[in-house]
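Peer 1: There's a structure below that I have some questions on.
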Amino acid sequence: MIDTHTHINCIDDFSIDEILKNASDNGVEKLIVPSAYASDIDIVAELASKYENVYGLLGVHPSEVKDWTDDLIDKIKECAKSPKIVGIGEIGLDYYWDKSLNDLQKEVFIKQIKLANELNFPISVHDREAHKDSFDILTEFNKNSIVIMHCFSGSVEFMHECVKQGWYIAIGGVVTFKNAIKMKEVAKGVPLDKLLIETDAPYLTPVPYRGKTNQPAYVKYVAEEIANLRNTSFEEINEQTTKNAKLVFKI
Ligand code: NI
Numbered sequence: 008m009i010d011t012h013t014h015i016n017c018i019d020d021f022s023i024d025e026i027l028k029n030a031s032d033n034g035v036e037k038l039i040v041p042s043a044y045a046s047d048i049d050i051v052a053e054l055a056s057k058y059e060n061v062y063g064l065l066g067v068h069p070s071e072v073k074d075w076t077d078d079l080i081d082k083i084k085e086c087a088k089s090p091k092i093v094g095i096g097e098i099g100l101d102y103y104w105d106k107s108l109n110d111l112q113k114e115v116f117i118k119q120i121k122l123a124n125e126l127n128f129p130i131s132v133h134d135r136e137a138h139k140d141s142f143d144i145l146t147e148f149n150k151n152s153i154v155i156m157h158c159f160s161g162s163v164e165f166m167h168e169c170v171k172q173g174w175y176i177a178i179g180g181v182v183t184f185k186n187a188i189k190m191k192e193v194a195k196g197v198p199l200d201k202l203l204i205e206t207d208a209p210y211l212t213p214v215p216y217r218g219k220t221n222q223p224a225y226v227k228y229v230a231e232e233i234a235n236l237r238n239t240s241f242e243e244i245n246e247q248t249t250k251n252a253k254l255v256f257k258i
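To get this note's numbering, take the position in the sequence shown, counting from 1, and add 7.
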């Protein structure tokens, strides 16, 4: 399996070596680690260069856009010379927290989409309670980058709209929650060739570890739940999502 979105630098309960060992003991062969804060960019680039199975995405999360400065564009371009940096993320819109930032979020999102296009990199999109604006901005400004809707949280209808654009749908631990009816419907309906799995660790820990700290090893519970929902085998979900991730990130 490949955990396509995991913040291993934010997991306080385990060391990086423990995280990587647990992951590999549980069949996770590669990890994609996005930056969130501007200050994460160096950390992610360093983790990716140090550990063979770790790949990095660089960008600034919508909730952290106050830290955005345009010179980050050159910094990301410089870091992206490494073959271990494989995309831009996580970027997008988050209207859940501070609504006064909405306009700045849009501006920074567009700048980072243009950067991804220039580098011909895939984009890991964070969209929280901003489905329409995220969709509109991506369809207007994205020219050539593969789009991944990370930790997808929309309806089945919105999922189909995204898939129609050729975008990938990444599903995380929420799908294992008993009351996540909408997510379970999405997981059943995503075309297999557009499906990715992730943990978003240390957040959104899947059942049976819900409430505890998340880690990449637990991505198997996401794959298992999706397999159950689709009446297929764990192996099929594992194999297809791994294939998709390798294609998207060229790894
Ligand atoms: Ni994230």
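Heads up, the beta-carbon is just placed ideally off N, CA and C, and yes, glycines get one too. Everything numeric in this text was worked out from a predicted model, so none of it was measured.
1) Reducing DSSP to helix, strand and coil, say where Asp20 ends up.
2) So His275 is in the alpha helix (DSSP H); what residue range does that whole segment cover?
3) Can the beta-carbon of Ile117 be found less than 8 Å from the beta-carbon of Gly66?
4) Between the Cα of Ala252 and the Cα atoms of Ala224, Leu211, Pro223 and Leu203, which residue gives the shortest distance?
5) For His250, report the span of its beta strand (DSSP E) as first-last.
6) Counting pairs of Cβ atoms below 8 Å between the segment 141-150 and the segment 179-190, do you hit three or more?
7) Measure the CB-CB distance between Ile130 and Ile144 and report whether it falls below 8 Å.
8) Answer with buried or exposed for Glu232, where buried requires no fewer than 16 other C-beta atoms within 10 angstroms of its C-beta.
9) Starting from Leu203 and walking both ways along the beta strand (DSSP E), at which residues does that stretch end?
10) For the beta strand (DSSP E) that Tyr210 lies in, which residues bound it at each end?
11) Below 8 Å, how does it come out for the segment 100-108 and the segment 9-16: are there three or more Cβ pairs, yes or no?
12) So what's Met8 in DSSP terms, helix, strand or just coil?
13) Determine the closest residue to Val165 out of Ala194, Ile153 and Ser152, with distance taken between C-alpha atoms.
14) Where do the N-terminal and C-terminal ends of the alpha helix (DSSP H) with His138 fall, by residue?
15) Between the Cα of Glu71 and the Cα atoms of Lys113, Ile39, Lys37 and Ser31, which residue gives the shortest distance?
16) Going by CA-CA distance only, name the one from Cys169, Lys88, Trp174 and His133 that's closest to Ser152.
17) Between the Cα of Lys189 and those of Ser162, Glu168 and Gln172, spot the shortest distance and give me the residue it belongs to.
18) Please list the terminal residues of the continuous alpha helix (DSSP H) segment that includes Leu236.
19) Using only the alpha-carbon positions, how far apart do Asp140 and Tyr58 sit?
20) Looking at Ile92 and Phe6, is the spacing between their C-beta atoms short of 8 Å?
Peer 2: Answer, in terms of the structure:
1) coil
2) In the structure as shown, the chain starts at 8 and stops at 258, and residue 275 therefore has no counterpart that could be examined.
3) no
4) Leu203
5) Looking at the sequence provided, one finds Lys at residue 250 rather than His. It is not in any beta strand (DSSP E) - Lys250 instead sits in the alpha helix (DSSP H) that spans Phe241 to Phe256.
6) no
7) no
8) buried
9) Leu202 to Ile204
10) Note, Tyr210: premise wrong, no beta strand (DSSP E); not H, not E.
11) no
12) coil
13) Looking at the sequence provided, one finds Phe at residue 165 rather than Val. Out of Ala194, Ile153 and Ser152, Ala194 has the C-alpha closest to the C-alpha of Phe165.
14) His138 to Phe148
15) Lys113
16) Trp174
17) Ser162
18) Val226 to Leu236
19) 36 Å
20) The question about residue 6 has no answer, for the chain in this structure spans 8 to 258.
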